[in-house]
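Visitor: So the sequence shown is numbered by this note's numbering: it starts at 147 and just counts up by one.
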Amino acid sequence: MDEIASPHDTYFRESFSRREIALDFLRRHLPAELLAEIDLDTLDIGKDSYVASDLRTAYSDLVYRVQHRDGPLSVYLLFEHKSRPEHWTLLQLLRYITAEGDQYRKQHPKAKHLPPIYPLVIYHGERQWRVPRGFQQLVSPLPQALTAFVPQFTYALVDLSARTNAEIKGDVLTRLVQLALRWIFDDQPIGRLRTLLTLIEQVQDKDTAVAILESLLRYYVQGTQRIEEHDVRELLQQSTNTGDPIMQTFIDRYIEQGVQQGLQQGVQQGELQGVQKGGAAMLLRLIERRFGPPSEQVRERVTRADPNTLLQWSDRILDANSLDEVLH
147 MDEIASPHDT YFRESFSRRE IALDFLRRHL PAELLAEIDL DTLDIGKDSY VASDLRTAYS
207 DLVYRVQHRD GPLSVYLLFE HKSRPEHWTL LQLLRYITAE GDQYRKQHPK AKHLPPIYPL
267 VIYHGERQWR VPRGFQQLVS PLPQALTAFV PQFTYALVDL SARTNAEIKG DVLTRLVQLA
327 LRWIFDDQPI GRLRTLLTLI EQVQDKDTAV AILESLLRYY VQGTQRIEEH DVRELLQQST
387 NTGDPIMQTF IDRYIEQGVQ QGLQQGVQQG ELQGVQKGGA AMLLRLIERR FGPPSEQVRE
447 RVTRADPNTL LQWSDRILDA NSLDEVLH
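In structure tokens:
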């Protein structure tokens with residue numbers, strides 16, 4: 147089963163914990179009859195964990211609460227995320243619903259009823275989702291005389307996997323997150339990531355764009371296991387529509403961080419020739435982004451610099467107002 151610490155679940159939680167994404171996704175994926183009963187404007191994302199420590203590797207533990215339109219009734223929307231088919235999903239959901247009910251009783255000791263829970267499974271794995279959709283399917287044989295004594299419930303499924311080719315709905319931020327989940331197993335992750343970067347440029351709030359970009363890059367490095375940090379730095383360097391100061395600052399810091407890490411590792415390992423070549427090339431790219439194409443004199447000076455000097459210059463470049471301040 148998926149663990150909370152997995153890159154897939156981490157990215158899912160980081161993304162769907164954003165209220166704007168949750169609202170847009172729910173408006174487009176909840177059934178019309180349920181949307182007519184609830185007030186999505188009252189959406190509240192649960193911050194506390196309702197799952198015992200021995201169960202936390204089984205659940206995403208992401209719960210939304212909304213109010214019923216006709217009164218104080220709360221409806222709980224349970225998000226469960228899967229990156230591969232899990233036969234015992236219904237049993238996991240049942241355990242979660244039970245844990246949720248126990249927690250509700252503790253918080254409302256005078257209550258005589260439990261709030262309804264709408265379990266929603268979001269899937270984006272490579273294989274087809276062929277697991278039981280009704281709890282009684284897990285019990286076999288099930289004599290007719292015992293049917294009334296076995297729980298009977300199902301769950302809603304949103305299958306984002308590439309094999310379904312289902313339409314990805316939502317505003318740009320919601321589509322971006324869903325496409326990132328769909329394409330994480332693609333055999334051309336760099337190309338997919340390049341497309342996702344173009345979507346990030348369409349996000350109006352640039353603070354949000356930077357946060358989403360950071361989360362996305364981390365996910366594709368850790369989740370695909372086929373993209374290295376240097377691939378991401380090169381992809382960012384090749385980006386052509388990143389003129390916004392906030393986005394440019396993030397890209398520069400990401401590249402500069404990689405320059406520093408590479409130089410520090412190389413110095414420690416004594417690989418001076420390789421460090422000088424790679425570090426100089428990265429620093430020259432960064433100089434070009436900040437101050438325009440460097441002169442031949444500057445290129446020669448950077449190329450001949452030793453690793454410690456390159457490290458010092460890379461430290462200065464983000465705060466410097468001129469190239470002279472970097473290379474003094």
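Don't be surprised by glycine CBs; every beta carbon is placed ideally from N, CA and C.
Would you grab the beta carbon distance between His270 and Ser307 for me? Rounded to a whole angstrom, and I think it's under 8 Å.
Guide: So it is a contact: roughly 5 Å between Cβ atoms.
Visitor: Can you name, in chain order, every residue of its own chain whose Cβ lies under 6 Å from the Cβ of Gln415, other than the five neighbours on each side?
Guide: Only weak support exists for where Gln415 lies, its pLDDT of 48 falling under 50; the value from the coordinates is given anyway. Taken in chain order, the list of residues that qualify is empty.
Visitor: What span of residues does the beta strand (DSSP E) with Ala302 cover, start to end?
Guide: 302 to 305
Visitor: Is the segment 170 to 179 touching the segment 311 to 325 in the sense that three or more CB pairs, one from each, lie closer than 8 Å?
Guide: yes
Visitor: Name the residue from Arg309, Thr344, Leu343, Phe437 whose alpha carbon lies nearest to the alpha carbon of Asp332.
Guide: Selected option, being the one with the closest Cα: Arg309.
Visitor: Rounded to the nearest angstrom, what separates Leu381 and Gly337 at their Cα positions?
Guide: 10 Å
Visitor: Ignoring anything shorter than 4 residues or poking outside the segment 425 to 467, list the alpha helix (DSSP H) runs there in chain order.
Guide: 442 to 450, 453 to 462
Visitor: Report buried or exposed for Thr386, applying the criterion of at least 16 other Cβ atoms within 10 angstroms of its Cβ.
Guide: Per-residue confidence for Thr386 stands at a pLDDT of 49, beneath the threshold of 50, marking its modelled position as unreliable; no derived number is given.
Visitor: Can you give the beta carbon distance from Trp459 to Val472, rounded, assuming they're within the 8 Å contact cut?
Guide: Trp459 to Val472, Cβ: 5 Å. Contact.
Visitor: Compute the distance between the beta-carbons of Phe281 and Leu240, then report whether it is under 8 Å.
Guide: yes
Visitor: What do you reckon, are the CB atoms on Val367 and Ile358 nearer than 8 Å?
Guide: no
Visitor: Going by the beta-carbon positions, is the gap between Leu266 and Leu224 smaller than 8 Å?
Guide: Between Leu266 and Leu224, the CB-CB gap stays under 8 Å.
Visitor: Applying the 10 Å Cβ sphere with the 16-neighbour rule, what's the burial state of Leu292?
Guide: Looking at its Cβ environment, which holds fewer than 16 other Cβ atoms inside 10 Å, Leu292 is exposed.
Visitor: In terms of residue numbering, what span does the alpha helix (DSSP H) encompassing Arg251 cover?
Guide: 235 to 253
Visitor: For Thr370, I'd like the list of residues in its chain whose CB is within less than 7 Å of its CB, leaving aside the five on either flank, ordered along the chain.
Guide: Ile330, Pro335
Visitor: How should Val197 be labelled, buried or exposed, when 16 other C-beta atoms within 10 angstroms of its C-beta is the threshold for buried?
Guide: Summary for Val197: the model assigns pLDDT 47, below 50, so the residue's position carries little reliability; its value from the coordinates is reported in the next sentence. So Val197 ends up on the buried side.
Visitor: Can you give me the C-alpha to C-alpha distance between Ile346 and Pro255, rounded to a whole angstrom?
Guide: 46 Å
Visitor: Buried or exposed: which applies to Glu272, given that a residue is buried once 16 or more other Cβ atoms fall within 10 Å of its Cβ?
Guide: exposed
Visitor: Please classify Leu457 as buried or exposed, where buried requires at least 16 other C-beta atoms within 10 Å of its C-beta.
Guide: buried
Visitor: Leaving aside the five residues before and after Leu186 along the sequence, list all residues of the same chain whose C-beta is less than 7 Å from its C-beta, in chain order.
Guide: Cβ-Cβ distances below 7 Å link Leu186 to Leu169, Leu172, Arg173, Val212 in the same chain, with the five nearest sequence neighbours on each side left out; the list follows chain order.
Visitor: Compute the Euclidean distance between the alpha carbons of Gly247 and Phe158, then round it to the nearest angstrom.
Guide: 24 Å
Visitor: What's the C-alpha gap between Arg279 and His233?
Guide: 10 Å
Visitor: How should Arg328 be labelled, buried or exposed, when 16 other C-beta atoms within 10 angstroms of its C-beta is the threshold for buried?
Guide: Counting Cβ neighbours within 10 Å, Arg328 comes out buried, since at least 16 surround it.
Visitor: To which residues of the same chain is Asp200 closer than 6 Å at the C-beta, ignoring the five residues directly before and after it?
Guide: Confidence is the limiting factor: at Asp200 the pLDDT is only 48, short of 50, which leaves the residue's position unreliable, though a coordinate-based value still follows. Result list for Asp200: empty, nothing under 6 Å.
Visitor: Under 8 Å between the Cβ atoms of Pro231 and Arg164?
Guide: no
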